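> Quick note, the sequences are listed as chains A and B, same order. Numbered continuously in our numbering, the first sequence closes out at residue 465. Numbered continuously in our numbering, the second sequence closes out at residue 218. Even for Gly, the Cβ is constructed at its ideal location relative to N, Cα and C. Since the model is a prediction, treat every value here as computed from it, not as a measurement.
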Amino acid sequence: MAQMWITMGPQHPMTHGLWTLRVKVDGETVVDTEAELGYIHRGVEKICEARDFTQITPYCDRLCYVSAMTWANSYIYAAEDLLEADVPERAEYIRLISAEIQRLASHLMWLGAFGPDIGNLTLMTWCMRDREMFLDLLQELGGSRMHYNYPRIGGVKRDMPIGFADRVIAKTKLFEKRLDEYEMMLDESTIWLVRLQGVGYATAESMVDAGVSGPNVRAAGVNYDVRWAHPYSVYDEIDWEPSVEKPTSVKGADCYDRYRVRMEEMRQSCRMVLDALNKIPGGKNTNYANGDEMIFTKAPTRAPEGATGFSNYECTRGASQFYVQGGGESRGKNPYRVSIRSPMFLTIPYVAKTMIGYKIADIPAIMGSFDPCIGETDR
Amino acid sequence: MVGSITPEQNASAAEACLAAINDRFGGSGIESSIQNHSNDKKYAFVRIVCPPQHWIALAKWMKYDLSVNYCSMVTGTHFPDGSPERGWEVAYHFLRQPIQDQKPNTCTVHDVEKLSGMDIPMEFEVFMPLPQGDSPTVPSIQSIWVGADWNEKETWDLVGIKFEGHVNMHRVLNPNDSPEGFHPLQKQHKLRYHDHNEMYDDPQGFMRKPADEGRIK
Numbered sequence: 087m088a089q090m091w092i093t094m095g096p097q098h099p100m101t102h103g104l105w106t107l108r109v110k111v112d113g114e115t116v117v118d119t120e121a122e123l124g125y126i127h128r129g130v131e132k133i134c135e136a137r138d139f140t141q142i143t144p145y146c147d148r149l150c151y152v153s154a155m156t157w158a159n160s161y162i163y164a165a166e167d168l169l170e171a172d173v174p175e176r177a178e179y180i181r182l183i184s185a186e187i188q189r190l191a192s193h194l195m196w197l198g199a200f201g202p203d204i205g206n207l208t209l210m211t212w213c214m215r216d217r218e219m220f221l222d223l224l225q226e227l228g229g230s231r232m233h234y235n236y237p238r239i240g241g242v243k244r245d246m247p248i249g250f251a252d253r254v255i256a257k258t259k260l261f262e263k264r265l266d267e268y269e270m271m272l273d274e275s276t277i278w279l280v281r282l283q284g285v286g287y288a289t290a291e292s293m294v295d296a297g298v299s300g301p302n303v304r305a306a307g308v309n310y311d312v313r314w315a316h317p318y319s320v321y322d323e324i325d326w327e328p329s330v331e332k333p334t335s336v337k338g339a340d341c342y343d344r345y346r347v348r349m350e351e352m353r354q355s356c357r358m359v360l361d362a363l364n365k366i367p368g369g370k371n372t373n374y375a376n377g378d379e380m381i382f383t384k385a386p387t388r389a390p391e392g393a394t395g396f397s398n399y400e401c402t403r404g405a406s407q408f409y410v411q412g413g414g415e416s417r418g419k420n421p422y423r424v425s426i427r428s429p430m431f432l433t434i435p436y437v438a439k440t441m442i443g444y445k446i447a448d449i450p451a452i453m454g455s456f457d458p459c460i461g462e463t464d465r
Numbered sequence: 002m003v004g005s006i007t008p009e010q011n012a013s014a015a016e017a018c019l020a021a022i023n024d025r026f027g028g029s030g031i032e033s034s035i036q037n038h039s040n041d042k043k044y045a046f047v048r049i050v051c052p053p054q055h056w057i058a059l060a061k062w063m064k065y066d067l068s069v070n071y072c073s074m075v076t077g078t079h080f081p082d083g084s085p086e087r088g089w090e091v092a093y094h095f096l097r098q099p100i101q102d103q104k105p106n107t108c109t110v111h112d113v114e115k116l117s118g119m120d121i122p123m124e125f126e127v128f129m130p131l132p133q134g135d136s137p138t139v140p141s142i143q144s145i146w147v148g149a150d151w152n153e154k155e156t157w158d159l160v161g162i163k164f165e166g167h168v169n170m171h172r173v174l175n176p177n178d179s180p181e182g183f184h185p186l187q188k189q190h191k192l193r194y195h196d197h198n199e200m201y202d203d204p205q206g207f208m209r210k211p212a213d214e215g216r217i218k
């Protein structure tokens, strides 16, 4: 049969955003692929050059609308590296708690979008129900549902509200039970297993060479996590273990391993949040005033010329990195250059190539299992 | 509880890398140093300043002898007001990750305290200053790290750094029909409010000027 090119996207349920996957097929089999990105390129890096260091945070929120808190945190750590800001320990704990709640919400969004890819619509309604609990918590901190603008250079915007800790504990404990329900529904579903097992193999070394990171690599059996390897925040004081999945084949991790590793990661996030609330300096039920030295330290606003700041941060999809250059007096409070590295920008071209050899019907399962997000890819 | 890399492990790995680089490339114009992040943790990383002509040799050596297996980002910067020998700069960020393929039904859970030598994760920053001019060019490392492929595409697309030897270079974030030579992160393209005082002059802005207007800040 003659081979032909099919275009999937930019409007296609598989893409989880706006991008195009061009697929060359021989019958039902994929023989070549090409990814085309850039449909929602907003020029964030250029916009950042015309903003104060503090004004950049909202733009970083909008890099990925599913995990705004982790992206804002990622920028804040780079800016603090550049401006040499001190951060109170309580603020670090609050950032950790907010980032892990965001990780829960983001993984639930992934699972809710991945379910319909596989043909399980119930999953979407369940995940959206539980994600709402965590969005409510983040709303209490940041004031809005998706874009929080919560971390500040040198601390956080405001302390945890009174009663926040109790609500976090109640909701994470409820969610830990719900995770068992999810597993009962999914791991015993033949359709789920048949669609995911043995599909979309990727080895650890090939993924690292191609720049893939985070849960996708841990699914292939390697414990590598920025949170212990390049420590930031207070992860070294918290009780947790990175989730690592044993791959079932020499060909590496399949879609099922990537699903399992994210389920375990949600458990670890619950564990971290609960433990951090126990250990937080100043107590979990205290509410310090805005700008109190327990949650905020005033930071310099201008960076000297030639100074650079870099952060390597475990975002929900892998390692997100910011590289910020200071501009000296001529640039005022603005940076000279902000460079953003999104984990998905390198993952999507890699995933496109791993599809070769599988059937057209496997494409949504493979793509969905890597958790694509186009907002952060195109910037 | 998982342990984190300790400052001692981090410092010893950075020093070992620095010594290895100086041993291999000392006197060739490649300058390396240990820097510390200024955050709480003060973790060390290795910064290398490399002239473009030595880049391929250094890159291959880093990949195969220093186990630097992860090319995480490539950043180009335009300095139109810089010195004649530094009109452009390419900054590469690499990570060393202790990762290997797993046999079926096994997984590596690192005992962090026992990691040593080449297994300690380390961060590398390579700066490559380029002279003023219209065509900044560096050799491509696409064939050394697969991850550098799309990073270099992006850097050419947005900043206009040419990567010599890069196969299949094309626009990734800008539209495919963007005019030739249009690279939006070059500094001659200015956004509204590019200069930090401009917004105060703008009728739609704040309609006020800061008290220290005109003074050096």
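#1: Could you tell me which of A:325, A:330, A:302 and A:315 sits nearest to residue 14 of chain B, measuring between CA atoms?
#2: So, for residue 160 of chain B: in the same chain, excluding its five sequence neighbours on each side, which residues have a beta-carbon less than 6 Å away from its beta-carbon?
#3: Report back the beta-carbon spacing between residue 261 of chain A and residue 226 of chain A to the nearest angstrom; my notes put them in contact at under 8 Å.
#4: Between the segment 330-338 of chain A and the segment 359-379 of chain A, do at least 3 Cβ pairs fall closer than 8 Å?
#5: Around the C-beta of residue 91 of chain A, are 16 or more other C-beta atoms found within 10 angstroms, so that it is buried, or is it exposed?
#6: Can you tell me where the alpha helix (DSSP H) holding residue 304 of chain A begins and where it ends?
#7: In angstroms with no decimal places, state the Cα-to-Cα distance between residue 188 of chain A and residue 72 of chain B.
#8: Which residue's Cα is closest to the Cα of residue 255 of chain A: A:382, A:364, A:458 and A:440?
#9: Does any residue of chain A bring its CB to less than 7 Å from the CB of residue 85 of chain B?
#10: For residue 42 of chain B, decide whether its Cβ has a neighbour in chain A, counting only Cβ atoms nearer than 7 Å.
#11: Would you mind telling me which residues of chain A sit closer than 9 Å to residue 124 of chain B, beta carbon to beta carbon, in chain order?
#12: Does the segment 453-460 of chain A come close enough to the segment 170-184 of chain B that 3 or more CB-CB pairs lie under 8 Å?
#13: In chain B, which residues lie less than 8 Å from residue 289 of chain A when you measure between Cβ atoms?
#14: Keeping to the same chain, check which residues put their C-beta closer than 7 Å to that of residue 236 of chain A; ignore five residues upstream and five downstream.
#15: Does chain A have any CB closer than 7 Å to the CB of residue 76 of chain B?
#16: If you draw a straight line from the alpha carbon of residue 397 of chain A to that of residue 383 of chain A, how long is it in whole angstroms?
#17: Per DSSP, residue 97 of chain B is paired with what?
#18: Buried or exposed, going by whether 16 or more other CB atoms sit within 10 Å of the CB of residue 114 of chain A?
#19: Please confirm whether residue 206 of chain B has its beta-carbon closer than 7 Å to some beta-carbon of chain A.
#20: Using the rule of at least 16 other Cβ atoms within 10 Å of the residue's Cβ for burial, across every protein chain shown, is residue 318 of chain A buried or exposed?
#21: Should residue 218 of chain B be flagged as near chain A, meaning a C-beta pair shorter than 7 Å?
#22: Using the Cα positions of residue 144 of chain B and residue 70 of chain B, report the straight-line distance between them to the nearest angstrom.
#23: Helix, strand or coil for residue 87 of chain A? Go by DSSP, reduced to three states.
#24: Is it buried or exposed, residue 29 of chain B, if we count other Cβ atoms within 10 angstroms and call 16 or more buried?
#25: Throw me the rounded Cβ distance for the residue 423 of chain A and residue 149 of chain A pair, which I believe falls under 8 Å.
#26: Less than 7 Å between the C-beta atoms of residue 343 of chain A and residue 233 of chain A, yes or no?
#27: Take the Cβ of residue 190 of chain B as the centre, count every other Cβ of all protein chains shown within 10 Å, and call the residue buried at 16 or more, exposed below.
#28: Beta carbons nearer than 9 Å to chain B: which residues of the segment 126-137 of chain A have them?
#29: Can you find a C-beta in chain B that's less than 7 Å from the C-beta of residue 89 of chain A?
#30: Taking contact to mean at least 3 C-beta pairs separated by less than 8 Å, is the segment 120-139 of chain B in contact with the segment 94-101 of chain B?
#31: By alpha-carbon positions, which one of A:407, A:428, A:246 and A:310 ends up nearest to residue 380 of chain A?
#32: Is there at least one Cβ from chain A nearer than 7 Å to residue 65 of chain B's Cβ?
#33: Is there a Cβ from chain B that is less than 7 Å from the Cβ of residue 166 of chain A?
#34: Can you confirm whether residue 55 of chain B, when its beta carbon is compared against all beta carbons of chain A, has any partner nearer than 7 Å?
#35: Whole angstroms are fine: how far does the CA of residue 368 of chain A sit from the CA of residue 306 of chain A?
#36: Using only CA atoms, which one of A:218, A:310 and A:201 lies nearest to residue 269 of chain A?
According to the structure data:
#1: A:315
#2: 77, 184 and 186
#3: Not really, about 16 Å apart at Cβ, beyond 8 Å.
#4: no
#5: exposed
#6: Segment 301-304, the alpha helix (DSSP H) holding residue 304 of chain A.
#7: In this structure, the straight-line span from the alpha carbon of residue 188 of chain A to that of residue 72 of chain B is close to 27 Å.
#8: A:364
#9: no
#10: At least one chain A Cβ lies under 7 Å of residue 42 of chain B.
#11: Correct list: 316, 396 and 398.
#12: Short answer: they don't touch.
#13: 102
#14: 155, 158, 184, 227, 228, 242 and 243
#15: yes
#16: One C-alpha to the other measures close to 19 Å.
#17: B:123
#18: exposed
#19: Confidence is the limiting factor: at residue 206 of chain B the pLDDT is only 49, short of 50, which leaves the residue's position unreliable, though a coordinate-based value still follows. No, residue 206 of chain B lies away from the interface with chain A (no Cβ there is under 7 Å from its Cβ).
#20: buried
#21: In this prediction, residue 218 of chain B has a pLDDT of 45, which is less than 50 and means its spatial position is unreliable; nothing more can be read from the coordinates.
#22: 13 Å
#23: coil
#24: Residue 29 of chain B comes out exposed.
#25: Actually they are not in contact, since the Cβ atoms of residue 423 of chain A and residue 149 of chain A sit about 17 Å apart, beyond 8 Å.
#26: In this structure, residue 343 of chain A sits away from residue 233 of chain A, with a CB-CB distance that is not shorter than 7 Å.
#27: exposed
#28: 127, 129, 131, 132, 133, 135, 136 and 137
#29: no
#30: As far as the Cβ criterion goes, the segment 120-139 of chain B touches the segment 94-101 of chain B, which means the pair count is three or higher.
#31: Here the closest residue by C-alpha is A:246.
#32: no
#33: Contacts with chain B at 7 Å (Cβ-Cβ) include residue 166 of chain A.
#34: Closer than 7 Å: no.
#35: 40 Å
#36: A:201
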